[in-house]
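*Asks:* For the sequence shown, counting from 1, position 382 maps to 382 in the working numbering; every step adds exactly one. Sending over a structure as structure tokens; questions will come in a sec.
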Amino acid sequence: MIFSGITFLYFFLPITLILHVLLPMRFKNLFLLAASLFFYFSGEPQYLVLLVFFCVLTYYGGHLIEHAAQPLRRTILIVCLLTCFGLLCYFKYTDFILTTLRDGFSLSFQWDVIRLPMGISFYTFQATSYLIDLYRGKHQSAPSFSAFAAYLALFPQLIAGPIVRYESIAPQLSQRTTTFDQWANGIQRFIIGLAKKVLLANVLGSVVQSLNALSAQSVLSLWVIALANVLQLYFDFSGYSDMAIGLGHMLGFHFPENFRYPLIAASIRDFWRRWHISLTTWFKDYVYIPLGGSRVHKWKHCRNLLVVWLLTGLWHGAGWQFIVWGLYFGILLIIETYALSSWLNHHPRLAHGYTLLLVLLGFVFFHSPSLRDALFQLCAMFGLQGLALYDDASLFYVNNALWLFMLSLVFVTPLGTLLEKRIINNTALVDIYGWFKILTLLSLFVLCTAYILNASFQPFLYFRF
């Protein structure tokens, strides 16, 4: 079951929201836990027990950490963290490690491919952040198992985030109400996210599929593929985050923002402050700062950045292309910190172009099936593989999709938000704009439904992380 599916939109979601409103507070968490487990079971029935195990381990491990003596608290924390990260590594990296050993040493053994459980990277990070923050004394343990399990397995952010810290929603687990304004904001945010996913990300994905299917590529087609991939990923993942945040509002929760228009950034550092904010914040708080952050010698600071970005690359995928992708951004951040900071500050327009170009090139590694394919595409994009500059087929697809790229480039900016604020400040237009917004949201929802009914299945890209 996915957010952009008919079953979710017309059956699971309305039933869940209605029952959640009608139930008294003492039953809401238990109901949300049951609904979330059913949601996960519908997509990954064989791994439901793994999610439940994480809930049990983290909840009771947290209680032991809170009440044990100091030397034992540290031991319990280490055991729980090793168990959580050990399971993540087993499911996510075993195939990569075995493949590397087999190919590197010319071995001939075989094994059954391990299927990656949906959302394991996200709920592992939430579970471990809960344990670490509890050990640090940032919050108390959850008052009940149902409250904690509802937090860890909460279906709006279970599969693809944002990564929510327990302390940020602990009060809402104990007591929450949903006002009309919250519902209205939640519905608006959900529909906008759905439109991003269905009307932009999915259509951009179709463009990528068509270009990848060409019998011969050109330099133009590869650049267009790189651009479409970045835009598709942005609308796909930010759309999911919008839907999760909107669902949270409707259920009485306030989830953190996960995207703040990253493609308007004027540096790589600024880009990562705007893209997948909950993940970069997690690595900052639990890896970068414990290593010493930037308050160390220059060489140790460079080491800290490389360690964080190596782990960031590995978090996104088990493959050499993801390792190179992470180190690529780590190296760029080091260069910006020690060589380009003054230039970036004094030339914002050039800095924006520089950022977009390097992000576009970097995400070639992210989207490629292997490191070899990524290096081939990058070389070909700069005319080093003997490909034609353009051909009739690539021109045909580019011309047909030009409107889509122009529309996408508008929606990666805060132009719509700024325009809405200006209209709201004009009292003469407020009422008219209110009705216009309602009609627009209803139209978007109808269009999304029509597209879903007529299009092939396209899951969220981050499900595989």
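For every residue, glycine included, the Cβ atom is placed at its ideal position computed from N, Cα and C. What you are looking at is a predicted structure, and each value in this text was computed from that prediction instead of being measured.
Quick one: what's got a C-beta closer than 6 Å to ALA318's C-beta in the same chain, skipping five residues either side?
*Replies:* Closer than 6 Å at the Cβ level, and outside the excluded window around ALA318, lie LYS92, TYR93 and PHE96.
*Asks:* Which value, in whole angstroms, describes the spacing of the CA atoms of PHE411 and ASN212?
*Replies:* Roughly 25 Å separates the two Cα atoms.
*Asks:* Using DSSP with H/G/I as helix, E/B as strand and the rest coil, what is GLU257?
*Replies:* Note: GLU257 maps to coil in three-state DSSP.
*Asks:* Taking the alpha carbon of VAL224 as the point to measure from, which residue in TRP275, ASN29, PHE155 and TYR390 has its own alpha carbon closest?
*Replies:* Ranking the options by Cα distance to VAL224, first place goes to TYR390.
*Asks:* I need the straight-line Cα distance from ARG295 to SER238, nearest angstrom please.
*Replies:* So the alpha carbons of these two residues sit roughly 32 Å apart.
*Asks:* Quick check on the burial criterion: 16 or more other C-beta atoms within 10 angstroms. Buried or exposed for PHE436?
*Replies:* The residue in question, PHE436, is exposed, as its Cβ has fewer than 16 Cβ neighbours within 10 Å.
*Asks:* Could you give the distance in angstroms between the alpha-carbon of ILE406 and the alpha-carbon of GLN232?
*Replies:* The residue asked about is misnamed: residue 406 is Met in this sequence, not Ile. C-alpha separation (whole angstroms): 13 Å.
*Asks:* Is LEU88 closer than 8 Å to ILE120 when the C-beta atoms are compared?
*Replies:* Contact: yes.
*Asks:* So for MET381, helix, strand or coil by DSSP?
*Replies:* In the structure shown, MET381 sits in a helix (DSSP, three-state: H, G or I).
*Asks:* Exposed or buried, ALA351, counting other C-beta atoms within 10 Å across all chains shown (16 or more means buried)?
*Replies:* With 16 or more other Cβ atoms within 10 Å, it is buried.
*Asks:* By the three-class DSSP mapping on this structure, what secondary structure does ASN426 have?
*Replies:* Note: ASN426 maps to coil in three-state DSSP.
*Asks:* Flag this pair as yes or no: are the beta carbons of GLU336 and ILE264 separated by less than 8 Å?
*Replies:* No, the pair does not count as a contact, with Cβ atoms beyond the cut-off.
*Asks:* Buried or exposed: which applies to TYR131, given that a residue is buried once 16 or more other Cβ atoms fall within 10 Å of its Cβ?
*Replies:* Looking at the sequence itself, residue 131 is Leu, so the reference to Tyr does not match. So LEU131 counts as buried.
*Asks:* How is the alpha helix (DSSP H) around GLY248 delimited, first residue to last?
*Replies:* Here the alpha helix (DSSP H) through GLY248 covers 219-251.
*Asks:* Looking only at its chain, what residues have a beta carbon closer than 8 Å to the beta carbon of LEU57, apart from the 5 residues adjacent to it on each side?
*Replies:* For LEU57, where only same-chain residues beyond five positions count, the Cβ hits under 8 Å are CYS80, THR83, CYS84 and ALA127.
*Asks:* Where does ARG165 sit, in a helix, a strand or coil, going by DSSP?
*Replies:* Residue state, collapsed to three classes: coil.
*Asks:* Is it buried or exposed for ARG165, if we count other Cβ within 10 angstroms and need 16 for buried?
*Replies:* Counting Cβ neighbours within 10 Å, ARG165 comes out buried, since at least 16 surround it.
*Asks:* Between LEU291 and the rest of its own chain, which residues show a CB-CB distance below 7 Å, the 5 nearest in sequence each way excluded?
*Replies:* Excluding sequence neighbours, LEU291 sits near ASN304 and VAL307.
*Asks:* Grouping DSSP H, G and I as helix and E and B as strand, with all else coil, what is TRP343?
*Replies:* Of the three classes helix, strand and coil, the one that applies to TRP343 here is helix, per DSSP.
*Asks:* Quick check on TRP272: buried or exposed, where buried means 16 or more other Cβ atoms within 10 Å of its Cβ?
*Replies:* With 16 or more other Cβ atoms within 10 Å, it is buried.
*Asks:* Looking at SER4: is its Cβ nearer than 8 Å to the Cβ of LYS197?
*Replies:* In contact: SER4 and LYS197 (Cβ atoms closer than 8 Å).
*Asks:* I need the straight-line Cα distance from GLN175 to LEU37, nearest angstrom please.
*Replies:* Those two C-alpha atoms are separated by around 22 Å.
*Asks:* Should ALA380 and VAL219 be called a contact, given that it needs their Cβ atoms to be closer than 8 Å?
*Replies:* Contact flag set, yes.
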